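Structure (structure tokens):
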């Protein structure tokens, strides 16, 4: 499919590790790059446990606190294990435009002590002749897969069965996360482009959306739109929480939500700046954009809420931070500072609407606003990435030719259309997979806990413990 | 003996405790409670969800006093707990049939 397009391709987190044997790197990975990527990986882990768990946990009622922490904690672990069994292989090795292959199942070949000369397989980054240890990329991407799956949980909390969470995540990870990651991020790496013929061959191996030329630095489509739409579908299929609209369901601990949001901000530097795959200027650009856009989004949400609803709330500020982080994710290394200002501000205001006006319009009980923040913020960020990539608006442009690694510019309208096409495909793909996935789980084991258990709280009835005693 | 139950604004607790001690009250029991009277509650907004909170936090004081002290105690409470604005609270007075000090077995006024 469209594989022959030699469209300008640049920044995305993708790398082809499994080209290994075909490519002989002259040098070993840079130690600074390796140190940065290992650090980034640990930072992204922190985003799930405890940051996302606390952010979500503070928003539910106290009787469901542990159920949320457990869903995130165990969901994260489950996806990490599945990633190392087959996820990595089918996402990041050559296959077809939708799925990779089985060559790295159980991470086979990533580390091979029998190969005494070079026991560690090498993968590509975005710079020619700049390899990274493939095992570092495996770990970095594992944290992405796992947090994406955990994001969905926010739509299902306070009523979903724990067993249903695990089965659904396994299904969705396999049929939505893996193919979308492959479509958006998999490519042959810059060293595969040496002349016109090799470039055509390399493009033919790339994921479908990558080959369109869509820009997604750290996961606007793969992570946030993917999870946001899955969450919304889940909220619709599951139905509303018992008592919604009649009983008060205020967040039980916004202090924890603030701590969680702040730790997300911190960890997101690994997520976005780490997606440069090297400790270089583009990592620093992604870092600063992530920093700035988030602050802009906090102000955007806070002042919009103050103006429209009367009071600036802590929950609003924390939600604004997450909205900004989401929206800047696809743009992080793909736009300049002007892009960060606009994307951040826009995200704060648009996602406030996503959690209020749009939410009422949709009518589903997306309990913690996964769609309003991640779905909508992801779409906004993905589209604006196309606009602000151009040098006229301060962006870096793209690599126009991977054979020479020459930089070029993008046209906002043309790039916006490519971005929109990528968004559209991911929305439809994850929407369909989620819908089918939730119905399969419903048929196999049911999605919701018994009504009396929901009233009593999931902590006691599902896990046999309470968050707060004494 | 009378049992005096007063529901007051939480921030007035220390003033009332002091006034009661000065009036000769030897002990009291304090509970954090919620309720509503003529004072309205408030609304809370969490993203799109708006909740009306009808029950306002109050502090309930219970003190058992000899009949002779009742008038002074009532004056002490109304004087110390009053702000003049709605929501200052109420005082209820009940007849108290019997009292026992557990440590000594004393009964009646001596137990207070």
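Chains as they are written, first to last, in my numbering: chain A, 158 to 627; chain B, 139 to 250.
In this text, a Cβ means the ideal position worked out from N, Cα and C, and glycines have one as well.
Nothing here was measured: the structure is a model prediction, and the numbers come from that model.
Just list the alpha helix (DSSP H) runs in the region 366 to 453 of chain A, keeping only unbroken ones of 4 residues or longer that don't cross its boundaries, in chain order. 383 to 395, 411 to 430
Taking residue 168(B) as the reference, which of 160(B), 243(B), 142(B) has the closest Cα? Cα-wise, what sits closest to residue 168(B) is 142(B).
Give me the DSSP bridge partner(s) of residue 191(A). For residue 191(A), which the question treats as bridged, DSSP gives no partner whatsoever.
Run of the beta strand (DSSP E) containing residue 143(B), from where it starts to where it stops: 140 to 146
Using 8 Å as the limit for Cβ to Cβ distance, is residue 179(B) near chain A? Using a Cβ-Cβ cut-off of 8 Å, residue 179(B) does not count as an interface residue toward chain A, since no Cβ of chain A sits closer than that to its own.
Could you list the residues in the region 526 to 553 of chain A with a C-beta less than 7 Å from some C-beta on chain B, going in chain order? 526
Could you spell out the range, first to last residue, of the alpha helix (DSSP H) harbouring residue 227(A)? 222 to 239
Do residue 546(A) and residue 535(A) have their CB atoms nearer than 8 Å? No, the pair does not count as a contact, with Cβ atoms beyond the cut-off.
Count Cβ pairs between the region 595 to 607 of chain A and the region 185 to 201 of chain A that sit closer than 8 Å; are there 3 or more? Under the three-pair Cβ rule at 8 Å, the region 595 to 607 of chain A does not count as touching the region 185 to 201 of chain A.
By how many angstroms is the C-alpha of residue 204(B) removed from the C-alpha of residue 243(B)? 18 Å
Would the region 257 to 270 of chain A count as touching the region 317 to 330 of chain A if we require 3 or more Cβ pairs under 8 Å? no
For residue 605(A), the three-state DSSP class (helix, strand or coil): strand
If the criterion is Cβ atoms closer than 8 Å, does the pair residue 496(A) and residue 552(A) meet it? yes
Mapping DSSP to helix, strand and coil, what is residue 247(A)? helix
Residues bridged to residue 555(A) by DSSP? Paired residues: 565(A).
Every unbroken alpha helix (DSSP H) inside the region 342 to 366 of chain A [4 residues or more]: If you keep only unbroken alpha helix (DSSP H) runs of at least 4 residues inside the region 342 to 366 of chain A, you get 353 to 362.
Under the three-state DSSP convention, the category residue 599(A) falls into: helix
Listed by chain order, chain B residues near residue 513(A) by CB distance under 8 Å: Simply 185, 186.
Where does residue 298(A) land, buried or exposed, given buried means 16+ other C-beta within 10 angstroms? Burial call: buried.
For residue 216(B) and residue 457(A), the rounded distance between their alpha carbons: 48 Å
Residues bridged to residue 180(B) (per DSSP): 191(B)
Taking 8 Å as the cut-off, decide whether the C-beta atoms of residue 383(A) and residue 337(A) are in contact. yes
Starting from residue 230(B), trace the beta strand (DSSP E) in both directions and tell me its first and last residue. 227 to 233
Under 8 Å: do the region 248 to 255 of chain A and the region 364 to 373 of chain A share three or more Cβ pairs, one atom per stretch? yes
Output the distance between the C-alpha atoms of residue 155(B) and residue 227(B), rounded to the nearest integer angstrom. 15 Å
Is it true that the CB of residue 523(A) sits closer than 8 Å to the CB of residue 529(A)? yes
Do residue 225(B) and residue 194(B) have their CB atoms nearer than 8 Å? yes
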